[in-house]
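Undergrad:
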Amino acid sequence: MSEQPFWFKAIATIVVVIGILALLTSVAFFQLLALVGLVVICASKGVLEWKKNRDWAVIIFGLTAIQIVIFINACYHFFT
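So the sequence shown is numbered by my numbering: it starts at 859 and just counts up by one.
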């Protein structure tokens with residue numbers, strides 16, 4: 859992320875911290891905020907450039923995948 863502006867680095871760091879908090883606390887608001895934030899960060903050009911930002915891409919894609927699994931599990935328990 860060396861070519862990204864400071865505001866992007868700050869927002870990506872905050873979203874990753876919220877994603878980790880969502881994994882640790884199971885608070886629904888944190889899970890929703892993390893899911894939306896991680897999807898927005900994943901959709902941005904800076905993270906999707908795999909060769910330049912491999913470590914950030916792995917962290918953010920991994921957190922996004924875990925958050926999606928948690929969301930699907932929560933929906934399953936809600937509807938059954």
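Heads up, the beta-carbon is just placed ideally off N, CA and C, and yes, glycines get one too.
#1: Between the C-alpha atoms of C933 and R912, what's the straight-line distance to the nearest angstrom?
#2: Roughly how many angstroms lie between the CA atoms of G895 and A880, to the nearest whole one?
#3: Consult DSSP for Q862 and reduce its assignment to one of helix, strand or coil.
#4: Would you kindly report the start and end of the unbroken alpha helix (DSSP H) that includes T922?
#5: Quick one: residues in its chain with C-beta nearer than 7 Å to the C-beta of I928, no 5 flanking neighbours on either side, listed in chain order?
TA: This is what the structure gives:
#1: To locate residue 933, count along the sequence shown from 1; it is residue 75. To locate residue 912, count along the sequence shown from 1; it is residue 54. Note on geometry: alpha-carbon atoms of C933 and R912 lie some 31 Å from one another.
#2: For the purposes of this step, residue 895 is identified with residue 37 of the sequence shown, where counting begins at 1. For the purposes of this step, residue 880 is identified with residue 22 of the sequence shown, where counting begins at 1. Cα-Cα distance, rounded: 12 Å.
#3: Counting from one through the sequence shown, the residue named residue 862 turns up at place 4. Correct three-state label for Q862: coil.
#4: Position 64 of the sequence shown, counted from the first residue, corresponds to residue 922. DSSP places T922 in the uninterrupted alpha helix (DSSP H) bounded by R912 to F937.
#5: By one-based count along the sequence shown, residue 928 stands at place 70. Once the five neighbours on either side are set aside, the close Cβ partners of I928 are Q889.
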